[in-house]
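Here the structure comes first, spelled out in structure tokens, and everything after it is commentary.
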Amino acid sequence: MGVYMKKIVIVMVLLTVCLFGVLIFGTKTTTVPAEKLDLSSARPVAPEFQLNDINNKQVTLSAQRGKVVILNFWATWCPPCREEIPSMNRLHKIVQNLPVEIIAVNIEADGQQTVPKFMQKQQIDFRVLYDLDGAVHTQYGVSKYPETFIIDPQGIVVNKVIGGTDWSDPRVVDYLNQLLSK
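Per our numbering, residue 4 is the first one in the sequence shown, and the count goes up by one each step.
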């Protein structure tokens, strides 16, 4: 093997190692601790939206007034999004008799093709909406996934969580109960 070929092989090996490093470490997930939830900060009114769910039923934020809304922006290709789904399912079961609505807004342009199969596989129990044109996640200023907004019964954004979290943590349930008692 000539010197030129050895250099090409070395460069290819280095590129392969770098690619695997990005794939392994670039998709590393972090979980946001439940104690990061903060009741004290003043927040804006949550922007109104109108999106369709998986059954093509129109859903609006204003129809959720009187409930605490957990508005989660996610994608099927997002590892931390996929990791937090089981805890959202558990939370959904915990709060099913309370005025709490979990709404997961899928941001994929091809969501109508990818989401139903994904939901069936993951056994998602909470409401999923399609933001096919990206208008709502843009309106909310979402830049990382998952990104979740906690909206109080008056429609005020009281918290935002960026990254995956354990939604079934008892501190989250306590936090939601505090919002309901205000």
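Every residue gets a Cβ at the ideal spot worked out from N, C-alpha and C, and that includes glycine.
These figures come from a predicted structure and were not determined experimentally.
Residue i (DSSP reduced to helix, strand or coil)
| i | result |
| --- | --- |
| Ala66 | helix |
| Leu182 | helix |
| Gly144 | coil |
| Thr117 | helix |
| Asn92 | helix |
| Gln61 | strand |
| Ile97 | helix |
| Ile27 | Since pLDDT at Ile27 reaches only 46, below the 50 mark, its modelled position is unreliable, and the value read off the structure follows with that caveat. The answer is helix: DSSP assigns Ile27 an H, G or I state. |
Buried versus exposed call for residue i [16 or more other C-beta atoms within 10 Å across all chains shown]
| i | result |
| --- | --- |
| Asp190 | With the chain covering only 4 through 185, there is no way to say anything about residue 190. |
| Ala66 | exposed |
| Val6 | exposed |
| Ser43 | With a pLDDT of only 48 at Ser43, under 50, the local geometry of the prediction cannot be trusted, and the value read off the model is given with reservation. When all chains shown are included, Ser43 counts as exposed. |
| Asn109 | buried |
| Ile59 | A small fix is needed here, since residue 59 is Asn in this sequence, not Ile. Asn59 should be labelled exposed. |
| Asp169 | buried |
| Pro83 | buried |
| Glu51 | exposed |
| Gly114 | buried |
| Ala112 | exposed |
| Asp177 | exposed |
| Ile88 | buried |
Contact set for residue i: own chain, Cβ-Cβ below 6 Å, skip 5 residues either direction
| i | result |
| --- | --- |
| Val98 | none |
| Thr63 | Gln53 |
| Thr79 | Thr117, Phe121 |
CA-to-CA distance, residue j to residue i, given in whole angstroms
| i | j | result |
| --- | --- | --- |
| Leu179 | Val71 | 7 Å |
| Gln157 | Leu74 | 14 Å |
| Ser171 | Ser90 | 5 Å |
| Gln142 | Met8 | 52 Å |
| Cys81 | Pro47 | 27 Å |
| Val160 | Phe121 | 29 Å |
| Gly137 | Pro173 | 33 Å |
| Ile153 | Ile165 | 11 Å |
| Pro119 | Ser146 | 24 Å |
| Val131 | Gly167 | 17 Å |
| Glu150 | Lys185 | 24 Å |
| Ala49 | Lys163 | 11 Å |
| Trp77 | Ile106 | 10 Å |
| Glu124 | Leu135 | Going by the sequence as given, residue 124 is Lys instead of Glu. Each residue's Cα considered, the two are about 21 Å apart. |
| Gly144 | Arg68 | 22 Å |
Bridge partners - residue i, DSSP secondary structure assignment
| i | result |
| --- | --- |
| Tyr133 | Asn55, Asn109 |
| Gly5 | Answer by DSSP bridge pairing: none, since Gly5 is not bridged. |
| Trp77 | Asn109 |
| Trp71 | The question names Trp, but residue 71 is Val in the sequence shown. Answer is Val103. |
Contacting residues, own chain, Cβ-Cβ under 8 Å from residue i (five flanking each side not counted)
| i | result |
| --- | --- |
| Leu183 | Val71, Leu101, Pro102, Val103, Pro156 |
| Asp128 | Asn92, His95, Lys96 |
| Gln126 | Asn92 |
| Asp56 | Val62, Arg130, Val131, Leu132, Tyr133 |
7 Å Cβ shell around residue i - same chain, five flanking residues per side excluded
| i | result |
| --- | --- |
| Val139 | Phe52, Leu54, Val108 |
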